[in-house]
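Peer 1: Let me give you the structure first, and then I'll get to my questions.
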Amino acid sequence: MLERAIVLGCSAIGAGIAMIAGFGPGIGEGYAAGKALEAIGRQPESKSSITSSLILGCALAETTGIYSFIIALILIFVNPLVGKL
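Numbering (the working numbering), first residue to last: 691 to 775.
Written out as structure tokens, the structure is:
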């Protein structure tokens with residue numbers, strides 16, 4: 691019984707650490723959007739290429755947050771480590 695409690699506790703800590711990874715994409719996307727607006731302000735004629743690059747970059751950065759969220763959900767609800775006991 692103690693082993694199960696230890697595994698569940700460590701899984702909860704791991705899920706919390708995984709969710710900390712969600713801050714990175716948020717900060718990165720905000721920084722990228724700010725820099726894209728600066729670039730559009732300097733060269734308004736290149737708005738379409740800057741916007742398409744920004745959307746692609748933000749989509750790629752967002753996958754990191756989604757992966758960490760999925761890992762946290764797996765550790766909390768599915769918890770494959772409990773079956774190993």
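Just so you know, even glycine gets a beta-carbon here, dropped at the ideal spot from N, CA and C. Predicted, not measured: the structure shown is a model, and the values here were computed from it.
Kindly indicate the opening and closing residues of the alpha helix (DSSP H) around Lys725.
Peer 2: Membership of Lys725 in the alpha helix (DSSP H) is indicated by the continuous run 713 to 732.
Peer 1: Should the stretch 737 to 756 be regarded as contacting the stretch 713 to 720, the criterion being three or more beta carbon pairs within less than 8 angstroms?
Peer 2: The stretch 737 to 756 vs the stretch 713 to 720: in contact.
Peer 1: Return the residue from the list Gly747, Pro770, Leu771 that minimises the CA-CA distance to Ile717.
Peer 2: Gly747
Peer 1: Quick check: what's the CA-CA separation for Ser701 versus Tyr721?
Peer 2: 32 angstroms
Peer 1: Report the residue from Gly704, Arg694, Leu692 whose alpha carbon sits nearest the alpha carbon of Ile766.
Peer 2: Gly704
Peer 1: Quick check: what's the CA-CA separation for Ala751 versus Met691?
Peer 2: Computed Cα separation, rounded: 40 angstroms.
Peer 1: Where does Met691 sit, in a helix, a strand or coil, going by DSSP?
Peer 2: In the displayed model, Met691 falls within coil according to three-state DSSP, outside both helix and strand.
Peer 1: Hey, how far is the Cα of Asn769 from the Cα of Ile730?
Peer 2: 46 angstroms
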